[in-house]
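Just so we're aligned: the sequence shown equals residues -15 to 206 in our numbering.
Ideal Cβ placement from N, Cα and C applies to all residues, glycine included.
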Amino acid sequence: MKKKSDGVEGITPRNFEQEALLETLLDEDIRIVGALGRAGTGKTLLSLAAGLRLVSKGDYHNVTVIRPTTVSGEDVGYLPGDIGDKIGPHFGAIEDVLLCILGDAAKDEAVNGGEVDYLTITHIRGRTLTNSFVIVDDAQNLRDSDLKLIGTRIGTGSKLVLAGDPFQSDLPEISDERDIALTKAVDRQRRITDSRKRDVFNYVLLKDVERGLIAEIFSEIF
-15 MKKKSDGVEG
-5 ITPRNFEQEA
5 LLETLLDEDI
15 RIVGALGRAG
25 TGKTLLSLAA
35 GLRLVSKGDY
45 HNVTVIRPTT
55 VSGEDVGYLP
65 GDIGDKIGPH
75 FGAIEDVLLC
85 ILGDAAKDEA
95 VNGGEVDYLT
105 ITHIRGRTLT
115 NSFVIVDDAQ
125 NLRDSDLKLI
135 GTRIGTGSKL
145 VLAGDPFQSD
155 LPEISDERDI
165 ALTKAVDRQR
175 RITDSRKRDV
185 FNYVLLKDVE
195 RGLIAEIFSE
205 IF
């Protein structure tokens, strides 16, 4: 594979798989990306860094981040409080990554200025996401109906990134990673025979934990 970039937004790939993922994320011909790997392998970091770079180039209007927010069977859309109160705690992981990439002031500017937008499953209903770099984080915690809902909201000029760890689903009904919607979506995309639809998809499996030694140890022992 020819190396195309040493990094984006100050984030440099640390291994071959990360380099392959970044190349895929930046490829304008790839419209659906599967970023698979255990916690700490760089799925979200690279996806956000690539999205921010492409937004700054004018390729997309914004980065939209979608995360599962269902708690004990009740979606946050039906919990009391305004939208900030409801979704804030669920996007703390994204805020951490944005802080790493942008720093505190630029992170707040990006979120408050609409360069980065947060959505829940409830609030995506009825929407059409056009010209957006859409990242579905923790996609292993989406059910089939959730992933279909998200996928059918993606409009013209958008890119869809499905980032998740098939081996770490919190869904109580899942006992086999092959039953996860994320895994099924990747497998079914690979089997599409229509080249027009098949060739806009690619996925990368990240193997190495790069978050740090402690994260690497716990990824291995459990």
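Span of the alpha helix (DSSP H) around residue i
| i | result |
| --- | --- |
| Lys27 | Lys27 to Ser40 |
| Lys191 | Run containing Lys191: none; DSSP gives neither H nor E here. |
| Ala169 | Ala165 to Arg175 |
| Ile201 | Leu197 to Ile205 |
| Thr136 | Run containing Thr136: none; DSSP gives neither H nor E here. |
| Glu1 | Phe0 to Leu10 |
Residue i versus residue j - alpha carbon distance
| i | j | result |
| --- | --- | --- |
| Ala34 | Ile198 | 26 Å |
| Asp130 | Ile105 | 7 Å |
| Ala77 | Asp128 | 23 Å |
| Tyr44 | Arg182 | 22 Å |
| Leu144 | Ile138 | 7 Å |
| Asn186 | Glu79 | 27 Å |
| Cys84 | Ala90 | 11 Å |
| Ser56 | Ile50 | Its pLDDT being 40, under 50, Ser56 is placed unreliably in this model, and the value from its coordinates should be taken loosely. Their Cα atoms are separated by approximately 19 Å. |
| Arg195 | His74 | 20 Å |
| Pro(-3) | Thr112 | 32 Å |
| Asn46 | Thr177 | 32 Å |
| Lys191 | Ile158 | 22 Å |
| Ser31 | Leu20 | 11 Å |
| Asp66 | Arg175 | The pLDDT assigned to Asp66 is 43, lower than 50, so where the model puts this residue is not dependable, and the model offers no usable value. |
| Glu1 | Pro156 | 30 Å |
| Gly26 | Glu204 | 16 Å |
| Tyr62 | Gly110 | Caution is warranted here: a pLDDT of 45 is assigned to Tyr62, below 50, making its placement in the model unreliable, and no coordinate value can be reported. |
| Gly8 | Asn(-1) | In the sequence as displayed, the identity of residue 8 is Thr instead of Gly. About 14 Å. |
| Ala96 | Lys41 | For the sequence presented, residue 96 should be read as Asn rather than Ala. If you take the alpha carbons of Asn96 and Lys41, they lie about 19 Å apart. |
Residue i versus the options, residue with shortest Cα-Cα distance
| i | options | result |
| --- | --- | --- |
| Glu99 | Val81, Glu161, Gly135 and Val39 | Val39 |
| Val184 | Pro52, Ile108, Lys41 and Asp13 | Asp13 |
| Ile201 | Leu32, Arg22, Ile158 and Ile(-5) | Arg22 |
| Val(-8) | Thr8, Leu29, Asn(-1) and Arg37 | Arg37 |
| Asp171 | Glu7, Gln152 and Ile16 | Ile16 |
| Leu86 | Gly(-6), Ile205, Ser203 and Phe206 | Gly(-6) |
CB contact flag (residue i, residue j, <8 Å)
| i | j | result |
| --- | --- | --- |
| Ile119 | Ala147 | yes |
| Gln124 | Asp149 | yes |
| Leu5 | Val188 | yes |
| Val193 | Gly24 | yes |
| Ser142 | Ser116 | yes |
| Thr136 | Thr114 | no |
| Thr258 | Val81 | Since the first and last residues shown for the chain are -15 and 206, residue 258 lies out of range. |
| Leu126 | Leu166 | yes |
| Ile108 | Leu133 | yes |
| Asp160 | Pro52 | no |
Range of the contiguous beta strand (DSSP E) that encloses residue i
| i | result |
| --- | --- |
| Leu20 | Ile16 to Gly21 |
| Leu155 | Neither: Leu155 is in no beta strand (DSSP E) and is coded neither H nor E. |
| Thr48 | Asn46 to Ile50 |
Query raised in the report: Considering only residues of the segment 63 to 133, which uninterrupted beta strand (DSSP E) runs meet the minimum length of 3 residues and lie entirely inside it, listed in chain order?
Result: 100 to 103 and 116 to 120
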